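*Asks:*
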Amino acid sequence: MTNLLLVLSKDPYTTETPDLVLDIGMNAKEKGNDVSLYLIEDGITAARKSEFGNKLAAAEKKGIRIFADDKAVLSRSLTDKLIGGVEIKEIGTLLDYIMEYDRVVWF
Amino acid sequence: MTGKQLTIVSINGPYRDEGVFTMIRLAHAAKEKGINVNFFNYLDATLIAHKEQAPKEFPPIETIFGTIVKKGIKKPKADAIACIKCTDARGVTKQQTEGVIIGGLYDLGEWTGESDKTILIG
Chain A
10 MTNLLLVLSK
20 DPYTTETPDL
30 VLDIGMNAKE
40 KGNDVSLYLI
50 EDGITAARKS
60 EFGNKLAAAE
70 KKGIRIFADD
80 KAVLSRSLTD
90 KLIGGVEIKE
100 IGTLLDYIME
110 YDRVVWF
Chain B
317 MTGKQLTIVS
327 INGPYRDEGV
337 FTMIRLAHAA
347 KEKGINVNFF
357 NYLDATLIAH
367 KEQAPKEFPP
377 IETIFGTIVK
387 KGIKKPKADA
397 IACIKCTDAR
407 GVTKQQTEGV
417 IIGGLYDLGE
427 WTGESDKTIL
437 IG
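Chains A and B, in that order, give the protein sequences. Position one of the first sequence corresponds to residue 10 (this note's numbering), numbered consecutively onward. Position one of the second sequence corresponds to residue 317 (this note's numbering), numbered consecutively onward.
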């Protein structure tokens with residue numbers, strides 16, 4: 010089993026990248042890997058209460074951990090507008106994860 | 317985590333998104349944690365360290381990045397390398413800020429081999 014960290018920096022309404030990331034994460038999870046999704050920059054908008062947010066919430070229920078960069082959340086005033094299950098973290102935690110996870114992919 | 321080494325490869329230029337700021341935030345966090353950081357500026361990211369940027373509405377990226385490189389996240393010979401083919405193509409080889417060395421993909425290969433982790437921000 011591999012620990013996989015997917016870092017998403019793109020919003021879900023400009024490109025299909027967030028859908029791709031979610032597909033990769035779900036597939037990896039189904040294959041028994043430990044998967045985390047870290048939302049940063051515009052990627053945080055994927056966790057808004059919305060159609061895409063619902064997809065993330067379903068992924069979280071299947072065991073994918075979802076983290077959000079604190080500055081990305083605050084700068085967009087999204088603190089109370091995110092789906093449940095999102096853990097807000099600071100940049101040092103992202104750095105720890107980058108160093109600790111087996112595989113890190115930045116989108 | 318002291319003594320670990322992280323290589324950050326950037327491919328995007330400044331002022332189009334927050335990528336450069338994220339890279340700088342990671343660098344500061346790395347310094348606090350004692351992690352050595354290598355910056356490999358590739359493709360449009362070779363514009364990050366281009367001297368004499370004068371944006372009207374944004375902080376000048378070269379100054380911020382240059383401060384990190386000059387202070388030295390890592391004490392060895394090079395903290396930051398800009399890809400020579402990329403700088404030549406953009407006409408910025410001789411205008412890189414102090415502390416940025418002109419190099420190439422072989423250098424990235426060496427850094428990747430030496431580092432505990434290499435990430436690409438793009």
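Beta carbons are placed, not taken as given, at the ideal position from N, Cα and C, and that holds for glycine. Quick caveat: nothing in here was measured; it's all calculated off a predicted structure.
With the cut-off set at 9 angstroms, would you say Lys19 of chain A and Gly52 of chain A are in Cβ contact?
*Replies:* In this structure, Gly52 of chain A lies closer than 9 angstroms to Lys19 of chain A by Cβ.
*Asks:* If you pair each beta-carbon of the stretch 403-413 of chain B with each one of the stretch 372-385 of chain B, do three or more pairs fall below 8 angstroms?
*Replies:* The stretch 403-413 of chain B vs the stretch 372-385 of chain B: in contact.
*Asks:* Of all the CB atoms in chain B, is at least one closer than 9 angstroms to the CB of Asp117 of chain A?
*Replies:* Here chain A comprises residues numbered 10 to 116, so residue 117 of chain A is not present and cannot be evaluated.
*Asks:* Between Glu373 of chain B and chain A, is the shortest Cβ-Cβ distance under 9 angstroms, so that the two count as touching?
*Replies:* False, the Cβ-Cβ gap to chain A never drops below 9 angstroms.
*Asks:* Who are the near neighbours of Lys393 of chain B in its chain, counting only those whose CB is closer than 7 angstroms to its CB and skipping five residues on each side?
*Replies:* At Lys393 of chain B the pLDDT is 38, less than 50, meaning the model places this residue with poor confidence; the figure from the coordinates comes in the next sentence. Closer than 7 angstroms at the Cβ level, and outside the excluded window around Lys393 of chain B, lies no residue.
*Asks:* If you measure from the beta carbon of Gly333 of chain B to each beta carbon in chain A, is any gap under 9 angstroms?
*Replies:* Note that residue 333 of chain B is Asp in the sequence shown here, rather than Gly. It does; some Cβ of chain A falls within 9 angstroms.
*Asks:* So if I threshold CB-CB distances at 9 angstroms, which residues from the stretch 327-351 of chain B count as touching chain A?
*Replies:* Correct list: Asp333, Glu334, Gly335, Phe337, Thr338, Arg341, Leu342, His344, Ala345, Ala346, Glu348, Lys349 and Ile351.
*Asks:* Report the rounded CA-to-CA distance for Arg406 of chain B versus Ala398 of chain B, giving the unit in angstroms.
*Replies:* The straight-line gap from Cα to Cα measures roughly 12 angstroms.
*Asks:* The alpha helix (DSSP H) with Gly429 of chain B in it runs from where to where?
*Replies:* It spans Leu421 to Glu430 - the alpha helix (DSSP H) in which Gly429 of chain B sits, taken as one unbroken run.
*Asks:* So which of A:Leu83, A:Lys80, A:Arg74 and A:Tyr22 has the shortest CA-CA distance to Ala37 of chain A?
*Replies:* The shortest Cα separation from Ala37 of chain A among A:Leu83, A:Lys80, A:Arg74 and A:Tyr22 belongs to A:Arg74.
*Asks:* Between the stretch 22-37 of chain A and chain B, which residues of the former have CB atoms less than 7 angstroms from a CB of the latter, in chain order?
*Replies:* Those would be none; no residue qualifies.
*Asks:* When DSSP builds the beta bridges, which residues end up paired with Asp43 of chain A?
*Replies:* A:Asn12, per the DSSP bridge assignment.
*Asks:* Taking the alpha-carbon of Asn352 of chain B as reference, which of B:Pro375, B:Tyr358 and B:His344 has the nearest alpha-carbon?
*Replies:* The residue with the shortest Cα to Cα distance from Asn352 of chain B is B:His344.
*Asks:* Using the Cα positions of Phe337 of chain B and Ala365 of chain B, report the straight-line distance between them to the nearest angstrom.
*Replies:* Going from the Cα of Phe337 of chain B to the Cα of Ala365 of chain B covers about 13 angstroms.
*Asks:* CB-CB under 6 angstroms to Thr432 of chain B, same chain, minus the five flanking residues each way: which ones, in chain order?
*Replies:* Reading the sequence as shown, one finds Asp at residue 432 of chain B and not Thr. Excluding residues within five positions, the ones whose Cβ falls inside 6 angstroms are Lys320 and Gln321.
*Asks:* Cutting at 6 angstroms between CB atoms, please list the residues of its own chain near Phe381 of chain B, excluding the five before and the five after it.
*Replies:* Here the set comprises Ile364 and Ala365.
*Asks:* Does the beta-carbon of Ser86 of chain A have 16 or more other beta-carbons within 10 angstroms, so that it is buried, or is it exposed?
*Replies:* Exposed: under 16 other Cβ atoms inside 10 Å.
*Asks:* Extract the residue ranges of the alpha helix (DSSP H) inside the stretch 20-65 of chain A, only unbroken runs of 4 or more that lie entirely within it.
*Replies:* With a minimum length of 4 residues, the continuous alpha helix (DSSP H) runs that stay inside the stretch 20-65 of chain A are 26-39.
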